[in-house]
DNA sequence: CGCCGTACGGACATCGTTGTCATGGAGTCG
DNA sequence: CGACTCCATGACAACGATGTCCGTACGGCG
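Protein chains in written order, with my numbering: chain A, 1476 to 1815; chain B, 1476 to 1815.
This is the structure:
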């Protein structure tokens, strides 16, 4: 059990140096693992460091070197499954590369909020930033980002002046739609995420394109907003219709809401209606019925984003690449052949 | 659209001073809002700061002042609903108090992992730490935390040498159990979270105590591990029995799994079995049927934790308090009177 | 008119670390 | 054996901001 006491001055290099009978320079060399230090001296210094509980002062180090070994993450919400998983992966990747992570949440989708986050992160001294801009900002086509700072944007825009990491949303829309067509459904209805979302837009476009490529009718979309509640509302409005046999929901939560509405109306999934979700959240396997969905590799996206920023930090600007993480269909029990 | 360029040296106080024709101390005074600066001088300095894009160097400031205005958060996983919401609230509260936030995830529930996280955060220079230790560590009764550092622990232990913030888990177990008894169920079965979890333990104890206080039989627990999958397994094993009419699951995910198993077995919820969850996750309202559950105020917990650390940072050690956030029952459709 | 208090601005040292250069002793080669 | 290199180590300055101390100019007052 640690006991608590008032804060005291931490030992500095000079303290260690004095204790070991060397100059502070030598301590610095040992601390940084340089090789031009005598073996016995090195041992002595290490012993002193242990004994005094020496811990390098990151402020001084950063002041001198200009680098903090710290990357900033700016995002809008933790409450979406994708963001949460990605942050998890980002934290892990950063830690593996020896970077710590500063988190900043933006409370509204505006240019102002983005600038504010960037300013705070910059003031804090981050070496690079991973921005997760998943939706169009309400007051500007795209955020103004400062020059000369390594930034990776996670978004689905076609923007090319920064490295971009994203899941392959086009494939997601295509896989879901093809799966339902392959099962024999005449066409597939779609519940997209909010119109401002880049991912939602891409999935929707791919859904429509796939239908057209198969020569099928492209129905009106049944607008959702990512929430299960919106899926429920959509579900209520279509529960009476008999012509809808297959639905692709742009995320698992909306699929959950859809199924609740269908259950309430006494419809069977997949007997009356087949449903495909998107994201493959942990719980989707336990929905009733277990949900067929498109798996997104958020871990991979997070990892890629961190590697891209770190590469920029350490090697200078790179020609911005666009990295797409693969997706794949996970078939469970919410889809089946239409009734003959 | 920002253009990207190589990193250049940021303007310093001296640059601003030269540009404004004053000394760097005057710039410092202006930057810190001290009053002993002439009005016209002040204007001139502010103009120069804007023009040069001056941004105070946090490393230098921290080196001089010994404070970073940064708090660290160490936790085990983002994947639990509670942790995610709490981190969200922590980020917001920290930002409101002018603190930035450094996140570190521990990958296993061991003393080693905890020390590693603390070391990394300390190396990074945080002024205080919020530790979220929600389960017993496998290799030690409790983590050894360093002396002289403001720490707040979020956990359910009785530990008293640090401020502790937690939800009122005893009330959660009691409310859920009483609700089911009030509906007329003879007794209530329980699916606890993993035995290592402090919250799970408290909810379980409260459940048992409530039953005993009402003079009811306390059934064997149906062990779960927080996952929906574990709830499903438990559900399968009890779907055949007819004597179980009321279940309190220690979180919503397990309740979800339970309901899936019951559906598969053709049982009706709440007709045959009433179910109460815990946490009130966003999606629980869209489960089938919508889940009656105990709401936890994770936002409040996060806020309290931050306020406690900041208070310690700014005013020195306080006598450690134990803060309990309130919980309340949210009644939906998964509970009802037992069949006569 | 001379004294002092006050408002203002500058010089300097300092925080802990690291880059640069200097020093001195040991080893090498012609 | 002298000139040389090589290597461990130390002295010193610098990173950028800020606290302390001091000097100057100005206003008020006796």
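Every residue gets a Cβ at the ideal spot worked out from N, C-alpha and C, and that includes glycine.
When secondary structure is reduced to three states using DSSP, residue 1595/A falls in the helix class.
For residue 1723/A, the enclosing beta strand (DSSP E) begins and ends at 1721–1724.
By the rule that beta-carbons nearer than 9 Å mark a contact, residue 1773/A does not touch chain B. Residue pairing by DSSP puts residue 1629/B in a beta bridge opposite 1607/B, 1640/B. The bridge partners DSSP lists for residue 1797/A are 1639/A. In summary, the residues of the region 1690–1710 of chain B whose CB is separated from some CB of chain A by less than 7 Å are 1703, 1704, 1707, in the order they occur in the chain. In summary, the residues of the region 1589–1600 of chain B whose CB is separated from some CB of chain A by less than 9 Å are 1594, 1595, 1596, 1597, 1598, 1599, 1600, in the order they occur in the chain. The beta-carbon of residue 1582/A is placed less than 9 Å from the nearest beta-carbon of chain B. Contacts with chain B at 9 Å (Cβ-Cβ) include residue 1757/A. By the neighbour-count criterion, in which 16 or more other beta carbons inside 10 Å mark a residue as buried, residue 1507/A falls on the exposed side.
Within chain A, the C-beta atoms nearer than 8 Å to that of residue 1577/B come from 1545, 1575, 1576, 1577, 1578, in chain order. Using a CB distance below 7 Å, the part of the region 1723–1752 of chain A facing chain B consists of 1728, 1731, 1732, 1734, 1735, 1738, ordered along the chain.
Residue 1525/B is outside the set of residues whose beta carbon lies under 9 Å from a beta carbon in chain A. Under the DSSP assignment, residue 1682/B falls in the alpha helix (DSSP H) whose first and last residues are 1673–1688. At least one CB atom of chain B sits nearer than 9 Å to the CB of residue 1567/A. For residue 1660/B, no alpha helix (DSSP H) encloses it, and the DSSP letter there is neither H nor E. Between residue 1723/A and residue 1799/A, the alpha-carbon positions lie close to 22 Å from each other. The alpha-carbon separation between residue 1659/A and residue 1771/B amounts to approximately 45 Å. Contact annotation: residue 1749/B and residue 1666/B have beta-carbon atoms that are not nearer than 9 Å. Listed by position along chain B, the residues whose Cβ is nearer than 9 Å to that of residue 1490/A form an empty set, because the closest Cβ is around 16 Å away. Scanning its chain for C-beta atoms nearer than 7 Å, with the 5 sequence neighbours on each side dropped, one finds around residue 1566/A the residues 1576, in chain order.
Around the beta-carbon of residue 1740/B, fewer than 16 other beta-carbon atoms lie within 10 Å, marking it exposed.
Taking every protein chain shown into account, the CB of residue 1678/A has 16 or more other CB atoms within 10 angstroms, so this residue is buried. Of the other Cβ atoms in all chains shown, fewer than 16 fall within 10 Å of the Cβ of residue 1790/A; this residue is therefore exposed. Under the three-state reduction of DSSP, residue 1554/A is assigned to coil, being neither helix nor strand. Looking at the backbone, the Cα of residue 1651/A and that of residue 1806/A are separated by about 10 Å. The beta carbon of residue 1610/A does not come within 9 Å of any beta carbon belonging to chain B, so the residue lies off that interface. If you draw a straight line from the Cα of residue 1491/A to the Cα of residue 1521/A, it comes to about 9 Å. Residue range 1749–1754 is occupied by the beta strand (DSSP E) that includes residue 1752/B. Closer than 9 Å to the CB of residue 1570/B there is at least one CB belonging to chain A.
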